[in-house]
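Line by line, the protein sequences are chains U and E. Note that numbering that gives the first Met the number 0 numbers the first sequence so that position 279 is 278, with each residue one more than the last. Note that numbering that gives the first Met the number 0 numbers the second sequence so that position 239 is 238, with each residue one more than the last. Ideal Cβ positions, reconstructed from N, Cα and C, are used throughout, including at glycine. First the structure, in the form of structure tokens, and then the observations on it.
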Amino acid sequence: MMIEKMHSFLKPYLTGRQFVISVPFLWLFLLTAAPIFIVLRISLSEMDIASVANLWTWAENTLTLKINLSKYLFILHDELYVKTFISSIGYALENTFFCLILGYPFAYFMARAKTHLRPMLLMLVMLPFWTSFLLRIYAWKTLLEDNGVINNFLIWSGLIHQPIQIMHTQFSLMIGMVYAYLPFMILPLYSNLVKMDTRLLEAAADLGTSPWKTFWLMTVPLSKQGIIAGSMLVFIPTVGEYVIPELLGGPQTLNIGRVLWDEFFSNNDWSMASAVAIVMVLLILLPMAIFNKYQSKSYEGITS
Amino acid sequence: MAAEKTLKLEKNSLHQDNLLRIENLTKIYDGSVKAVDDVSLTVAKGEIFGLLGSSGCGKSTLLRMLAGFEVPTNGKIFLAGEDITNLPPYQRPINMMFQSYALFPHLSVWDNIAFGLRRDGMAKEKIMERVESLLKLVQLGKFAKRKPHQLSGGQQQRVALARSLAKQPKLLLLDEPLGALDKKLRESTQLELVNIIEEVGVTCVLVTHDQEEAMTISSRIAVMSEGSFLQVGTPDEIYETPNSRLIADFIGNVNIFEGVVDEDLPDHVTVKCPECTHYVGHGITGSSGMSVGVAVRPEKILLSKTKPKGKYNWCEGEVTDIAYFGAHTTYHLKLMTGMILKVQQQNRTRNLEGGFTWGDRAFAQWDDLAMIVLTH
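Shown next, in the form of structure tokens:
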């Protein structure tokens, strides 16, 4: 009803096709492009104690445009920020790697399982989403703490006498990250592997390739699209991840999400926080854009 | 002593001539479904052997057992005298040209053909040489760098053939080799395929559901149904002397009269049918009083407007259907018993006058060697 009304109102200006396309465009503009521009604008402004200064002023018939690049220069020169960016990307790469080596066999066996078992296996992968993300990360705390389930069990079994420090280490951070993001790796890999033409594997075997070699020469290259999609889905959100490092990571964990939080809420330096956010977006977007360009070239080869 | 010697000799020659020997091969799925049921077969070196049957008859399962993709439930497969029943596909000197080709989409034509050679660890220069000669053989030299999806159906088919020939297999398996091509292309490709196979001199086992394809390509055919062979023979043997109603009906078109053997003599028999009495110019294995089917192929029947002389091998009917094919015309003749007789006439002259039209009375006749007497 609503859409029909809107359409009849817009009819003199837009054709049906333009209207249909304009809906997602409007959505993208309002919720993606506009916020990024606002953040960009804040990052280029001075801070007036607790508020953001205007980018331009109009006084005495002069329009003054003040672009403040000091925050960006600061980020580039301050060792802490550079280190944070590097370590955040490092964690994200590490997480992507672990998700891939755990997720690939998982997706592979799901795709090769009997047809009637597959919906159930898919369900099991998606089951964690039925509980809140935050709750699930908290649950890991009770498992990993000094007084947690794992340590208590190990002490009870006599393997150790003192609780070992698992919580607030790199290890607990990685466990949380891999746990939370594994489904995002498995699902695109599964949907790719399940569609794979098994006759290609037979053809490879027929031409003298052992099963192990067939896996590396056929299955892996043919599932490239799935590997890329899964890796992107894991890598991108983990660069800026805040909740998991905050709850499971150690005090020494350097992470962009936490730096952003501190700049916004502890230092109240909105423009610094915005500058950090913009740099992060660029760091993720640039390699992706280059990658996409290369991808669309080789893509023609496989899909059509 | 002498007898033993000849026996030994025979065995030896058997070994040399028979490249492939299948003994009592059986494949049972899910404990009860017999896909292939106790099949035995020998294929001589250089032969192109066709497995013909409708879908689900077990021909593909049999081929997949030869390739090594399926493990037989029972029976043995010998290649050049060696038991290969339990060898995995990648250790068999057998290559397959897959249905709709299964070309590797991420590799170029060149790499597709070289794939098997590389797995064998062949020297680079030798691979170069071999791939180049194969590209020449299938006339795809210009397309070496292309990816499979950039080729037409016919070109893909030739890449698949080159890839399966690359390792010089002892046995080449062809799974519906022309199935993915359209009719016109199929005819030219058929001849090309046979030429290449004969040039290479490789022994082939071919699977197809298309009887024309099986007849033109194969030197010998096995007709399969429900997992077993109904008849094995050369294409003309199977066409001209089918051993059952099923085969006669499956291969080509046929009219089958049901009747009873009247006279049974060594040099001829007569069969009484409601439509007419057949005089068959050769003896049969049967006896008088036995019910048999008499099969007559439509192209062996002559249609005329005048009543034939004699009392055998003709009947009268009304033309109810005419199908014009250009080179020939097929008439449907409704006989007085209600049986529809299919008659095929060559269109020898361009003059269409004097032909038959709907509702015409016509006499169909055939000679005394045109029939096949089917006892089952």
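Closer than 8 Å by C-beta to residue i: which residues in its own chain qualify, once you throw out the five before and the five after it? Chain order, please.
| i | result |
| --- | --- |
| U:V177 | N94, F97, C98 and L101 |
| E:E325 | Sequence check: residue 325 of chain E is Gly here, not Glu. Result list for E:G325: N346, in chain order. |
| U:M195 | A110, T218, L221 and S222 |
| E:T284 | T374 |
| E:D266 | G280, H281 and G282 |
| E:P286 | Strictly speaking, residue 286 of chain E in this sequence is Ser, with Pro absent from that position. The residues are V260 and D263. |
| U:K82 | L253 |
| E:P168 | P92, I93, N94 and V201 |
| U:W57 | T63 |
So for residue i, helix, strand or coil by DSSP?
| i | result |
| --- | --- |
| U:A203 | helix |
| U:M125 | helix |
| E:M96 | strand |
| E:I47 | strand |
| U:S273 | helix |
| E:D152 | Correcting the residue type first, residue 152 of chain E is Gly in the shown sequence and not Asp. E:G152: helix per DSSP, three-state reduction. |
| U:T197 | helix |
| E:K308 | coil |
| E:E132 | According to the sequence as given, residue 132 of chain E is Ser; it is not Glu. Note: E:S132 maps to helix in three-state DSSP. |
| E:N23 | strand |
| E:S187 | helix |
| E:R91 | coil |
| E:E317 | strand |
| E:E257 | strand |
| E:E225 | coil |
| E:W357 | coil |
| U:M76 | Going by the sequence as given, residue 76 of chain U is His instead of Met. Here U:H76 sits in helix by DSSP. |
| E:R219 | strand |
| E:E298 | helix |
| E:C272 | coil |
| U:E144 | coil |
| E:I76 | strand |
Verify whether the separation of the beta carbon atoms of residue i and residue j is less than 8 Å.
| i | j | result |
| --- | --- | --- |
| U:L54 | U:L62 | no |
| E:H331 | E:Q344 | no |
| U:R198 | E:A322 | no |
| E:F362 | E:T305 | yes |
| E:G49 | E:G200 | no |
| E:M214 | E:A159 | no |
| E:T374 | E:V259 | no |
| U:G249 | U:Q169 | yes |
| U:L221 | E:H208 | no |
| E:A294 | E:N254 | yes |
| E:G67 | E:P87 | yes |
| E:K58 | E:V206 | yes |
| E:I371 | E:V342 | no |
| E:E262 | E:V268 | yes |
| U:G175 | U:W129 | no |
| E:K166 | E:L133 | no |
With burial defined as no fewer than 16 other Cβ atoms inside 10 Å of the residue's Cβ, what is the status of residue i: buried or exposed?
| i | result |
| --- | --- |
| U:M5 | exposed |
| E:K125 | exposed |
| U:H167 | buried |
| E:K144 | exposed |
| E:N194 | exposed |
| E:G316 | buried |
| U:F12 | Residue identity differs from the one stated: residue 12 of chain U is Tyr in this sequence, not Phe. By the 10 Å Cβ count, U:Y12 comes out exposed. |
| E:E128 | exposed |
| U:A179 | buried |
| U:T302 | Annotation note: pLDDT 42 at U:T302 (below 50); position unreliable, coordinate value reported separately. Label assigned to U:T302: exposed. |
| U:K10 | exposed |
Going along chain A in order, which residues have a C-beta closer than 9 Å to the C-beta of residue i?
| i | result |
| --- | --- |
| E:Y278 | Of the chains in the structure shown, none is chain A; the protein chains are U and E. |
Please report the Cβ distance between residue i and residue j, rounded to the nearest whole angstrom; I am assuming they are in contact, meaning their Cβ atoms lie under 8 Å.
| i | j | result |
| --- | --- | --- |
| E:V38 | E:L51 | Between E:L51 and E:V38 the Cβ distance is about 14 Å, and since that is not below 8 Å, they are no contact. |
| U:L188 | U:Y103 | 6 Å |
| U:L246 | U:I136 | 5 Å |
| U:I255 | U:S87 | 4 Å |
| E:P74 | E:I27 | Note that residue 74 of chain E is Gly in the sequence shown here, rather than Pro. Not a contact, Cβ separation roughly 11 Å. |
| E:R185 | E:L177 | 5 Å |
| E:D119 | U:G207 | 6 Å |
Identify, in the order they occur along the chain, each residue of the same chain with its Cβ nearer than 6 Å to the Cβ of residue i, setting aside the five sequence neighbours on each side.
| i | result |
| --- | --- |
| U:F234 | A91 and T95 |
| E:R162 | N111 and I112 |
| E:H14 | Note that E:H14 scores 45 on pLDDT, short of 50, meaning its location in the model is unreliable and no value can be drawn from it. |
| U:V124 | P182 and I185 |
| U:A288 | none |
Give every residue of the same chain whose Cβ lies closer than 7 Å to the Cβ of residue i, excluding the five residues on either side of it in the sequence, and list them in chain order.
| i | result |
| --- | --- |
| E:E239 | none |
| U:I163 | N150 |
| U:I41 | V51, W269, S270 and S273 |
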